[in-house]
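Going by full-length UniProt numbering, 169 is the number at position 169 of the sequence shown; the sequence numbering is gapless.
First comes the structure, then the notes that go with it.
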Amino acid sequence: MAAMPGGPDLAGAGGAVAVAVDAMQVDDPPRASAEEKHGPTIMGGNDPVTGHIISTTIGGKNDEPKRTISYMAERVVGTGSFGVVFQAKCLETGETVAIKKVLQDKRYKNRELQIMRSMDHCNVISLKHCFFSTTSRDELFLNLVMEFVPESLYRVLKHYKDMKQRMPLIYVKLYMYQIFRGLAYIHTVPGVCHRDIKPQNILVDPLTHQVKVCDFGSAKMLIKGEANISYICSRYYRAPELIFGATEYTTSIDIWSAGCVLAELLLGQPLFPGESAVDQLVEIIKVLGTPTREEIRCMNPNYTEFKFPQIKACPWHKIFHKRMPPEAIDLVSRLLQYSPNLRCTALEACAHSFFDELREPHAKLPNGRPFPPLFNFKQEN
């Protein structure tokens, strides 16, 4: 890890840790391609999918009349192992939407569709409707039609990086508060763990600065006592219990990921840029120090006898710029805890003093416009 701005050079601290951690059977994901590491590829409009008109029938339930709705595919905005996401225009209304086209295994129900149908929150991407389509090779595709949000937090961060600037704190507060508010809803109402929180999966409206959590392709409703796969979540944002191979984890893995996103917005670069699962744990230990036996037990009891070299934690104030507000550092420290049960919840994060500026009576965006909806809470969200 490179030295943090205004902080110590931690590169020398990791050698002994790397040797020890290398001996562990950590859950190592396949090496990420540039696309997986850095998010969807942004492409031009000449892909075969663009220019096509897709028609489907909606309605027909509860005496609702059936009607045909058509979409013109305009440009591909993302590709991945899941399929393709493209921007499209509804020919009947002129509305711009995003359509995620996913190859469907006919033997299984689509978990992403089931989860998205249960979501209704201002900080979560909304599903408008869905339909199936087939190809000449008899492949079945699920098409998820969603609201279109033009930017991602990844691209916003890249913009500031290219300009050699740090994101203004007011935007860090605004974006992170909405991420936590979205997570508070996801974790409690549908009771879902997102399992892939990262800047690429946070959408931002550049005009209103409203934020929406997107991509529920890895999401799952966690059931106590039921095992889950530990190879989940993009590497820089993976909670340490996942690296330790834990299979009975909780929604606190999303809280760790959100803590990594907050640190990245404050630093202008990832806090834990590991090049493998082993290296990821090394990067974490160089900052948080060697986990105690109790912390290891909380992450995965199978590793309590494992001997780690003793590395002292680096004080948080040395990681960040000396002018960083103490509330920002305090929030990061409450999110990035080894013990999953010691991490604050998403709702507790929303109530943290770091976000007090947003709660001031006459607070506005820097351009004088009002904030997006922040406090329109219902009983459940």
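Glycine residues also receive a C-beta, built at the ideal position from the N, C-alpha and C atoms.
Check your understanding: Taking Cβ positions, are V149 and D205 nearer each other than 7 Å?
Key -> Stepping through the sequence shown from its first residue, residue 149 is reached at position 149. Stepping through the sequence shown from its first residue, residue 205 is reached at position 205. For V149 and D205, yes; Cβs fall inside 7 Å.
Check your understanding: Can you list, in chain order, the stretches of the alpha helix (DSSP H) that have 4 or more residues and sit fully within the stretch 94–147?
Key -> 111–117
Review point. Can the beta-carbon of Q104 be found closer than 7 Å to that of L140?
Key: For the purposes of this step, residue 104 is taken as residue 104 along the sequence shown, with counting starting at 1. For the purposes of this step, residue 140 is taken as residue 140 along the sequence shown, with counting starting at 1. Result yes, Cβ atoms of Q104 and L140 sit closer than 7 Å.
Review point. With a cut-off of 7 Å, does the C-beta of C233 fall near any C-beta of chain D?
Key: Protein chains in the displayed structure number just one, and chain D is not present.
Review point. Around the C-beta of L342, are 16 or more other C-beta atoms found within 10 angstroms, so that it is buried, or is it exposed?
Key: Taking the first residue of the sequence shown as position 1, residue 342 is located at position 342. By the neighbour-count rule (16 or more Cβ atoms within 10 Å), L342 is not buried but exposed.
Practice item. Could you please give me the residues that DSSP links to S55 through a beta bridge? Key: Reading the sequence shown from its first residue, position 55 is the one you call residue 55. For S55, which the question treats as bridged, DSSP gives the partners S70.
Practice item. Keeping to the same chain, check which residues put their C-beta closer than 6 Å to that of A316; ignore five residues upstream and five downstream. Key: Counting from one through the sequence shown, the residue named residue 316 turns up at place 316. Residue identity differs from the one stated: residue 316 is Trp in this sequence, not Ala. In the same chain as W316, and ignoring 5 residues on each side of it, the C-beta atoms closer than 6 Å to its own belong to I329, S333, in chain order.
Review point. Counting Cβ pairs closer than 8 Å, one from the stretch 268–280 and one from the stretch 221–240, do we hit at least three?
Key: Yes: the two stretches touch, three or more of their Cβ pairs being nearer than 8 Å.
Review point. When you compare only the Cα positions, how much space is there between H121 and Y171?
Key: Taking the first residue of the sequence shown as 1, we reach residue 121 at position 121. Taking the first residue of the sequence shown as 1, we reach residue 171 at position 171. Approximately 21 Å between the Cα atoms of the pair.
Review point. So does the stretch 216–233 actually touch the stretch 193–204, counting three or more Cβ pairs closer than 8 Å?
Key: yes
Check your understanding: Nearest to F375 by alpha carbon, out of S55, R107, L174, I58?
Key -> Within the sequence shown, numbered from 1, the residue matching residue 375 stands at position 375. The shortest Cα separation from F375 among S55, R107, L174, I58 belongs to L174.
**Study point:** Integer-rounded CB distance, given that I115 should sit under 8 Å from V192
**Key:** Counting from one through the sequence shown, the residue named residue 192 turns up at place 192. Counting from one through the sequence shown, the residue named residue 115 turns up at place 115. So it is a contact: roughly 6 Å between Cβ atoms.
Check your understanding: Which first and last residues belong to the beta strand (DSSP E) in which F216 is found?
Key -> Numbered from its first residue, the sequence shown carries residue 216 at position 216. Careful: F216 lies outside any beta strand (DSSP E) and carries neither H nor E.
Point to revise | Endpoints, the beta strand (DSSP E) within which I88 is located | key: Position 88 of the sequence shown, counting from 1, holds the residue named residue 88. Contrary to the premise, residue 88 reads as Ala rather than Ile in this sequence. 83–90 is the extent of the beta strand (DSSP E) around A88.
**Study point:** Nearest residue (CA-CA) to F308, options E226, V282, E327
**Key:** On the sequence shown, position 308 is the one that residue 308 refers to. Nearest option by C-alpha distance: V282.
Exercise for review: Could you name the residues that DSSP lists as bridge partners for G78?
Suggested key: Numbered from its first residue, the sequence shown carries residue 78 at position 78. BP columns for G78 point to V85.
Check your understanding: Would you say F86 and I69 are within 7 Å of each other, going by their C-beta atoms?
Key -> Numbered from 1 along the sequence shown, position 86 holds the residue referred to as residue 86. Numbered from 1 along the sequence shown, position 69 holds the residue referred to as residue 69. No. Outside cutoff.
Review point. Would you say the stretch 238–253 touches the stretch 293–302, given that touching needs at least three Cβ pairs under 8 Å?
Key: yes
Review point. At what residues does the alpha helix (DSSP H) containing V149 begin and finish?
Key: The residue given as residue 149 occupies position 149 in the sequence shown. Counting along the chain, V149 falls outside any alpha helix (DSSP H), and DSSP gives it neither H nor E.
Point to revise | Stretch pair the stretch 147–164 + the stretch 259–270: three plus CB contacts closer than 8 Å | key: yes
Point to revise | For I223: DSSP bridge partner residues | key: Here residue 223 refers to the residue found at position 223 of the sequence shown. Per DSSP, I223 has no beta bridge partner at all.
Review point. Smallest Cα separation from P168: which of N367, F377, P373?
Key: Walking along the sequence shown from the start, residue 168 turns up at place 168. Minimum Cα distance to P168 is reached at N367.
**Study point:** Cα-Cα separation, V77 to V97
**Key:** Within the sequence shown, numbered from 1, the residue matching residue 77 stands at position 77. Within the sequence shown, numbered from 1, the residue matching residue 97 stands at position 97. Each residue's Cα considered, the two are about 11 Å apart.
Check your understanding: Is it the case that the Cβ atoms of P340 and S252 are separated by a distance below 7 Å?
Key -> Stepping through the sequence shown from its first residue, residue 340 is reached at position 340. Stepping through the sequence shown from its first residue, residue 252 is reached at position 252. Cβ atoms of P340 and S252: closer than 7 Å.
Point to revise | Nearest-angstrom Cβ-Cβ length linking T89 and Y71, presumed shorter than 8 Å | key: To locate residue 89, count along the sequence shown from 1; it is residue 89. To locate residue 71, count along the sequence shown from 1; it is residue 71. Before going on, a small fix: residue 89 reads as Lys here, not Thr. Contact between K89 and Y71 holds, with the beta-carbon distance rounding to 7 Å and staying under 8 Å.
Practice item. Determine the burial state of E92: buried for a count of at least 16 other Cβ atoms within 10 Å of its Cβ, exposed for fewer. Key: Indexing the sequence shown from 1 puts residue 92 at position 92. When all chains shown are included, E92 counts as exposed.
**Study point:** Identity of the residues DSSP links to I202 by a beta bridge
**Key:** In the sequence shown, counting from the first residue as 1, residue 202 sits at position 202. DSSP lists V213 as partners of I202.
Check your understanding: What did DSSP end up calling C314 once you bin it into helix, strand or coil?
Key -> Against the sequence shown, residue 314 aligns to sequence position 314. Correct three-state label for C314: coil.
Review point. Quick one: is R369 buried, meaning 16 or more other Cβ sit within 10 Å of its Cβ, or exposed?
Key: Working through the sequence shown from its first residue, we reach residue 369 at position 369. By the neighbour-count criterion, in which a residue is buried when 16 or more other Cβ atoms sit within 10 angstroms of its Cβ, R369 is exposed.
Review point. Can you tell which of N201, L113, G182 has its C-alpha closest to the C-alpha of G80?
Key: Along the sequence shown, one-based indexing puts residue 80 at 80. From the listed residues N201, L113, G182, the smallest Cα separation to G80 is found for N201.
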